[in-house]
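Novice:
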Amino acid sequence: MAKVVIDAGHGGNDPGASGNGIIEKEYTLKISEYIYNRLKDLGLDVKMTRTTDETLSPTERVNRVLDAFGNTSDVLVISNHINAGGGDGAEVIYALRNKDTLSNLILSELENEGQNIRKAYQRRLPSNTAKDYYFMQRNTGNTEAITVEYGFLDSTGDDVNQLKTRWEDYAEAVVRAVIEYLNLTYVPVEDGNYYTVKSSDSLWSIAKKFNVSVADLKETNGLTSSMLSIGDVLKIPTVEEEKTKENVYIVKSGDSLYKIAQRYNTTVNELVALNNLNSTALNIGQTLKIPTSSTNTYTVKSGDSLYKIAQTYNTTVNELVALNNLNSTALSIGQTLKIPTSSSSNTYTVKSGDSLYKIAQANNTTASRLMELNNLSSTLLSIGQVLKLN
Ligand SMILES: [Zn+2]
Numbered sequence: 005m006a007k008v009v010i011d012a013g014h015g016g017n018d019p020g021a022s023g024n025g026i027i028e029k030e031y032t033l034k035i036s037e038y039i040y041n042r043l044k045d046l047g048l049d050v051k052m053t054r055t056t057d058e059t060l061s062p063t064e065r066v067n068r069v070l071d072a073f074g075n076t077s078d079v080l081v082i083s084n085h086i087n088a089g090g091g092d093g094a095e096v097i098y099a100l101r102n103k104d105t106l107s108n109l110i111l112s113e114l115e116n117e118g119q120n121i122r123k124a125y126q127r128r129l130p131s132n133t134a135k136d137y138y139f140m141q142r143n144t145g146n147t148e149a150i151t152v153e154y155g156f157l158d159s160t161g162d163d164v165n166q167l168k169t170r171w172e173d174y175a176e177a178v179v180r181a182v183i184e185y186l187n188l189t190y191v192p193v194e195d196g197n198y199y200t201v202k203s204s205d206s207l208w209s210i211a212k213k214f215n216v217s218v219a220d221l222k223e224t225n226g227l228t229s230s231m232l233s234i235g236d237v238l239k240i241p242t243v244e245e246e247k248t249k250e251n252v253y254i255v256k257s258g259d260s261l262y263k264i265a266q267r268y269n270t271t272v273n274e275l276v277a278l279n280n281l282n283s284t285a286l287n288i289g290q291t292l293k294i295p296t297s298s299t300n301t302y303t304v305k306s307g308d309s310l311y312k313i314a315q316t317y318n319t320t321v322n323e324l325v326a327l328n329n330l331n332s333t334a335l336s337i338g339q340t341l342k343i344p345t346s347s348s349s350n351t352y353t354v355k356s357g358d359s360l361y362k363i364a365q366a367n368n369t370t371a372s373r374l375m376e377l378n379n380l381s382s383t384l385l386s387i388g389q390v391l392k393l394n
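So in our numbering, spot 248 of the sequence shown is number 252, and the numbers just go up one at a time.
1) Going by the C-beta, is E28 closer than 7 Å to any heavy atom of ligand 1?
2) For L221 and A211, I'd like the C-alpha separation in whole angstroms.
3) List the endpoints of the continuous alpha helix (DSSP H) containing S36.
4) Within this structure, are the beta carbons of T303 and N215 separated by less than 8 Å?
5) Could you give the first and the last residue of the continuous beta strand (DSSP E) run that contains R122?
6) In three-state terms, what does DSSP make of I343?
7) Quick one: is D163 buried, meaning 16 or more other Cβ sit within 10 Å of its Cβ, or exposed?
8) Using CA coordinates, which residue listed in E117, D259, K305, T133 is at the minimum distance from Q290?
9) Only counting the same chain, and skipping five residues up and downstream in sequence, which positions put a Cβ closer than 7 Å to that of S137?
10) As a quick exercise: from S359, L275, D11, N394, pick the residue whose alpha carbon is nearest that of G2.
11) Compare the C-beta of D308 with all C-beta atoms of chain B and state if any pair is closer than 8 Å.
12) Determine which residues share a DSSP beta bridge with R128 and list them.
13) Would you list, in sequence order, the uninterrupted beta strand (DSSP E) runs of no fewer than 3 residues that lie entirely inside the stretch 143-193?
14) Give the DSSP-derived three-state secondary structure of L106 in the structure shown.
15) According to DSSP, A94 sits in a beta bridge with which residue or residues?
16) According to DSSP, is K256 part of a helix, a strand, or is it coil?
17) Which residue or residues does DSSP assign as beta-bridge partners of V81?
18) If you count every other CB in all the chains shown that lies within 10 Å of the CB of V252, and 16 or more means buried, which is it?
19) Keeping to the same chain, check which residues put their C-beta closer than 7 Å to that of W208; ignore five residues upstream and five downstream.
20) Taking all protein chains shown into account, decide if I110 is buried (16 or more other Cβ within 10 angstroms of its Cβ) or exposed.
21) Whose C-alpha, out of G23, P19, A12, E153, is nearest the C-alpha of M375?
22) To which residues of the same chain is Y31 closer than 6 Å at the C-beta, ignoring the five residues directly before and after it?
23) Tell me which residue opens and which closes the beta strand (DSSP E) that R390 is part of.
24) Skipping 5 residues on each side, what residues in its chain have a beta carbon closer than 8 Å to that of T147?
25) Quick one: using the 10 Å Cβ neighbour count with 16 as the cut-off for buried, is A149 buried or exposed?
26) Check whether the stretch 306-325 touches the stretch 276-286, taking contact to mean three or more Cβ pairs, one atom from each stretch, closer than 8 Å.
27) Buried or exposed, going by whether 16 or more other CB atoms sit within 10 Å of the CB of D11?
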């Protein structure tokens with residue numbers, strides 16, 4: 005089985021480069037999580053050097069690379085970075101011991117995604133030109149270790165906007181290149197709302213895959229039979245469509261609206277409104293309509309990461325991990341996650357001694373998320389400034 009180590013450059017005390025609302029260590033982590041999840045979904049054996057905002061010395065990082073699958077030439081190592089220095093476009097660095105095949109595949113896939121490409125190159129240590137300049141190539145033994153620089157966060161060209169809006173497409177470009185390099189079968193990300201029928205599929209297996217019912221699947225697609233043909237495109241019922249259905253609950257002794265609301269992940273107000281109640285008093289045997297809880301759950305799709313889902317629902321990876329009792333950040337397609345109901349919008353007033361990092365840490369978010377939320381173009385704050393936190 006193909007073995008790949010994904011390295012998110014920098015981390016912890018070492019943010020890497022930053023500017024224009026991009027902090028390198030955060031982008032390298034989300035790009036790495038994306039590639040990790042995709043390659044895993046595609047059946048590869050994948051490990052990451054870091055999965056959190058962790059400080060890693062070069063030695064520790066290299067040890068994790070070599071410990072992942074051993075020091076052998078069939079291990080691919082992809083170290084993800086964002087460049088700085090005012091250029092524009094992507095670069096790939098490869099080791100003196102390797103050929104440029106994988107690097108050039110990556111650059112051509114990035115070019116297909118509309119990114120400028122600069123070059124694939126090797127760099128030699130001036131004091132000993134038999135050695136690689138960068139430790140990620142020099143100290144990674146026999147592995148095939150490359151460094152991908154996706155673009156320049158201080159570009160005067162279009163890199164900044166491209167990195168912010170297209171990073172997932174660039175990460176997917178690397179996934180395609182790796183699959184091509186290893187001579188494996190590439191399967192594109194399924195659009196969350198549509199699915200193309202494959203040879204081994206049945207309505208039942210598709211329904212199971214997307215955590216919907218066969219009846220809903222048939223209804224959404226106007227199917228009158230269960231026959232499918234390979235290549236048929238099915239629309240997958242979305243959470244919104246599922247939400248309109250209601251359950252009922254029969255009141256038992258000892259029940260209160262509050263207790264029932266808690267059990268069904270809803271609120272007393274919602275129950276009162278849905279049932280046109282004039283008071284919160286209940287009678288045993290009374291029938292209550294219950295809103296389905298689908299608004300508070302999410303079904304994992306191919307290409308998802310906890311980070312992406314957290315961003316979509318305005319929450320944090322930590323909160324998702326805690327709420328769902330997860331032991332790792334790895335997800336499987338079809339897995340159902342509880343989503344925290346959104347707390348009311350919070351704000352924070354900047355005090356003397358604050359920094360964006362401090363505020364982000366205290367509020368379980370990231371500096372770049374705060375910059376995005378508040379349309380900040382730099383990390384500089386002024387005392388008394390009011391920041392949106394979510
Ligand atoms: Zn870097």
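Even glycine gets a Cβ: it sits at the ideal position worked out from N, Cα and C. All figures in this text were calculated on a predicted structure; none of them were measured in a lab.
Specialist: A quick look at the data gives this:
1) The residue labelled residue 28 in the question sits at position 24 within the sequence shown. Yes; taking the cut-off as 7 Å, the Cβ of E28 has a heavy atom of ligand 1 nearer than that.
2) Position 217 of the sequence shown holds residue 221. Position 207 of the sequence shown holds residue 211. Looking at the two C-alpha atoms, the distance is approximately 7 Å.
3) Mapped onto the sequence shown, residue 36 falls at position 32. Per DSSP, S36 belongs to the alpha helix (DSSP H) from 28-45.
4) As a position in the sequence shown, residue 303 is number 299, starting the count at 1. As a position in the sequence shown, residue 215 is number 211, starting the count at 1. Yes. Within cutoff.
5) As a position in the sequence shown, residue 122 is number 118, starting the count at 1. From DSSP, the beta strand (DSSP E) with R122 extends over 121-125.
6) In the sequence shown, the residue the question calls residue 343 occupies position 339. Coil.
7) As a working mapping, residue 163 is identified with position 159 in the sequence shown. By the neighbour-count criterion, in which a residue is buried when 16 or more other Cβ atoms sit within 10 angstroms of its Cβ, D163 is buried.
8) Within the sequence shown, residue 290 is the residue found at index 286, counting from 1. Ranking the options by Cα distance to Q290, first place goes to D259.
9) In the sequence shown, residue 137 corresponds to position 133, counting from 1. In the sequence as displayed, the identity of residue 137 is Tyr instead of Ser. Excluding residues up to 5 positions away in sequence, R127, R128, L129 lie with their Cβ nearer than 7 Å to the Cβ of Y137 in the same chain.
10) No answer is possible for residue 2: the residues shown for the chain start at 5 and end at 394.
11) Although the question refers to chain B, the structure presented lacks it and comprises just one protein chain.
12) Counting from one through the sequence shown, the residue named residue 128 turns up at place 124. DSSP lists D136 as partners of R128.
13) Counting whole runs of 3 or more residues, the stretch 143-193 contains the beta strand (DSSP E) stretches 148-156.
14) Taking the first residue of the sequence shown as 1, we reach residue 106 at position 102. Helix, per DSSP.
15) One-based indexing of the sequence shown puts residue 94 at position 90. Per DSSP, I121.
16) Position 252 of the sequence shown, counted from the start, is the residue given in the question as residue 256. Per DSSP, reduced to three states, the secondary structure at K256 is coil, with no helix or strand assignment.
17) Stepping through the sequence shown from its first residue, residue 81 is reached at position 77. V9, A149.
18) As a first step, residue 252 is located in the sequence shown; it is residue number 248 there, counting from the start. Residue burial annotation: V252 is exposed, with fewer than 16 other C-beta atoms found within 10 angstroms of its C-beta.
19) In the sequence shown, the residue the question calls residue 208 occupies position 204. Only V218 meet the Cβ criterion.
20) Looking up residue 110 in the sequence shown gives position 106. It is buried - the Cβ of I110 has at least 16 other Cβ atoms within 10 Å.
21) Here residue 375 refers to the residue found at position 371 when the sequence shown is read from its first residue. Closest option to M375, judged by alpha-carbon separation, among G23, P19, A12, E153: G23.
22) Here residue 31 refers to the residue found at position 27 of the sequence shown. Taking Y31 as the centre and dropping the five residues before and after it, the same chain places the C-beta of I86 closer than 6 Å to its C-beta, in chain order.
23) Walking along the sequence shown from the start, residue 390 turns up at place 386. It should be pointed out that residue 390 corresponds to Val in this sequence rather than to Arg. For V390, the uninterrupted beta strand (DSSP E) segment begins and ends at 390-392.
24) Here the question's residue 147 lines up with position 143 in the sequence shown. The beta carbon of T147 sits closer than 8 Å to the beta carbons of V9, V69, L70, N75, T76, S77, V79, L80, V81 from its chain, once the five residues preceding and following it are set aside; these are given in chain order.
25) To locate residue 149, count along the sequence shown from 1; it is residue 145. With 16 or more other Cβ atoms within 10 Å, it is buried.
26) No, because fewer than three Cβ pairs between the stretch 306-325 and the stretch 276-286 fall closer than 8 Å, the two stretches do not touch.
27) The residue given as residue 11 occupies position 7 in the sequence shown. D11 is buried by the Cβ-count criterion.
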